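J.: Okay, handing you the structure first.
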Amino acid sequence: MRLIDTHTHLDFDDFDADRDAVLASCQQLGVERVVVLGVYQRNLQRVWDLALSQPSVYAALGLHPVFLEEHQPEHVQELRDWLTRLAGHPKLCAVGEVGLDYYIESPDRPRQLALLEQQLQLAADFNLPALLHVRRSHADTIAALKRFRLARKGVVHAFAGSREEAREYMKLGFKLGLGGAATWPQALRMHRVIAELPLDSVVLETDSPDMAPAMFAGLRNSPEHLPAICAAIAQLMNIAPDTLAAASSANACEVFGWG
0 MRLIDTHTHL
10 DFDDFDADRD
20 AVLASCQQLG
30 VERVVVLGVY
40 QRNLQRVWDL
50 ALSQPSVYAA
60 LGLHPVFLEE
70 HQPEHVQELR
80 DWLTRLAGHP
90 KLCAVGEVGL
100 DYYIESPDRP
110 RQLALLEQQL
120 QLAADFNLPA
130 LLHVRRSHAD
140 TIAALKRFRL
150 ARKGVVHAFA
160 GSREEAREYM
170 KLGFKLGLGG
180 AATWPQALRM
190 HRVIAELPLD
200 SVVLETDSPD
210 MAPAMFAGLR
220 NSPEHLPAIC
230 AAIAQLMNIA
240 PDTLAAASSA
250 NACEVFGWG
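What follows is the structure, encoded as structure tokens:
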């Protein structure tokens with residue numbers, strides 16, 4: 000089984016004690032590639048260094064909406080500078096993690112939207128896909144994507160929306176990232192939506208170290224858990240795990256431009 004984890008935060012301190020061992024284990028388990036995403040200005044260098052040091056790791060660079068108070072106006076320019084320096088580098092795969100989060104307490108929606116649009120413009124300018132964080136903000140996210148119409152599209156990470164929202168993203172050419180949240184038995188609406196998704200619309204992810212699947216409840220999430228996540232989601236889709244693994248990996252390669 001060949002798998003690609005399209006969304007991790009493997010640079011976080013949670014992995015400092017065993018990061019190399021985790022990546023070695025991933026190779027044994029068939030998790031061949033891992034995407035690590037930036038979330039604020041102070042971890043962009045760390046993400047990039049990790050991508051350069053590990054053959055299986057690829058970098059996405061971006062400013063996450065949850066850390067809005069940390070982001071400064073000059074950080075967007077710094078992100079542009081990073082993308083300019085790294086343009087065309089095979090280890091740079093996307094702009095992300097970017098998006099909108101209206102779940103947090105008292106979200107500053109205008110500032111979040113402005114930051115998202117600035118980063119969608121970067122994705123357009125550098126011909127990169129966008130890796131999107133979307134919580135309780137599907138309508139505004141879809142509207143923003145319709146305004147920008149990115150050539151390279153991207154992924155809606157940790158998709159948990161409705162059938163109608165799934166259709167809107169698919170019409171825009173975006174893939175839907177499925178991970179640990181879908182494995183929980185109480186996620187009944189998500190199960191119904193996933194059962195109807197076409198295979199060419201999904202990619203797999205862990206969001207490590209967060210969003211542990213039900214079979215690893217209470218533990219640090221890891222890219223090592225992707226085979227178990229794949230098996231659980233394949234069951235929801237009524238297909239074989241190998242079939243889902245092959246399709247999701249092909250879809251990820253399409254998003255990131257990997258041969």
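175 is the number that numbering that gives the first Met the number 0 gives to position 176 of the sequence shown; each next residue is one higher, with no gaps.
Note that the Cβ used here is the ideal one computed from N, Cα and C, for glycine as well.
From a predicted model like this one, the values you see are computed outputs, not experimental measurements.
(1) May I ask which residues mark the beginning and end of the beta strand (DSSP E) holding T7?
(2) Once DSSP output is grouped into helix, strand and coil, what is the label at S248?
(3) Is R32 buried or exposed, if buried means 16 or more other CB atoms sit within 10 Å of its CB?
(4) Are the segment 176-187 and the segment 199-219 touching by the rule of at least three beta carbon pairs closer than 8 Å?
(5) What number of angstroms, rounded off, separates the C-alpha of A227 from the C-alpha of M214?
(6) Can you tell me whether DSSP reads V154 as helix, strand or coil?
(7) Considering only the beta carbon of each residue, do L91 and L49 sit closer than 8 Å?
(8) I'd like to know if the segment 222-236 and the segment 155-175 are in contact, where contact means that at least 3 CB-CB pairs between them fall below 8 Å.
(9) Are there three or more Cβ pairs, one per stretch, closer than 8 Å when the segment 22-31 is compared with the segment 50-64?
(10) Does the distance from the CB of V94 to the CB of Q118 come in under 8 Å?
(11) Given this structure, state the Cα-to-Cα distance separating G81 from R162, to the nearest angstrom.
(12) Helix, strand or coil: how does DSSP classify L85 here?
(13) Given a cut-off of 8 Å on the beta-carbon distance, is the pair A249 and L2 in contact?
(14) Would you report the Cα separation of V46 and R191, rounded to the nearest angstrom?
(15) So the alpha helix (DSSP H) D139 belongs to, where does it begin and stop?
(16) In whole angstroms, give me the CA-to-CA distance for A138 and A150.
(17) So, under 8 Å CB-CB, P184 and Q111 are touching, yes? Tell me the CB distance rounded to an integer number of Å.
T.: Reading from the atomic positions:
(1) L2 to T7
(2) helix
(3) buried
(4) yes
(5) 8 Å
(6) strand
(7) no
(8) no
(9) yes
(10) yes
(11) It is worth fixing the name first, because residue 81 is Trp in this sequence and not Gly. So the alpha carbons of these two residues sit roughly 37 Å apart.
(12) helix
(13) no
(14) 35 Å
(15) H137 to F147
(16) 21 Å
(17) Actually they are not in contact, since the Cβ atoms of P184 and Q111 sit about 32 Å apart, beyond 8 Å.
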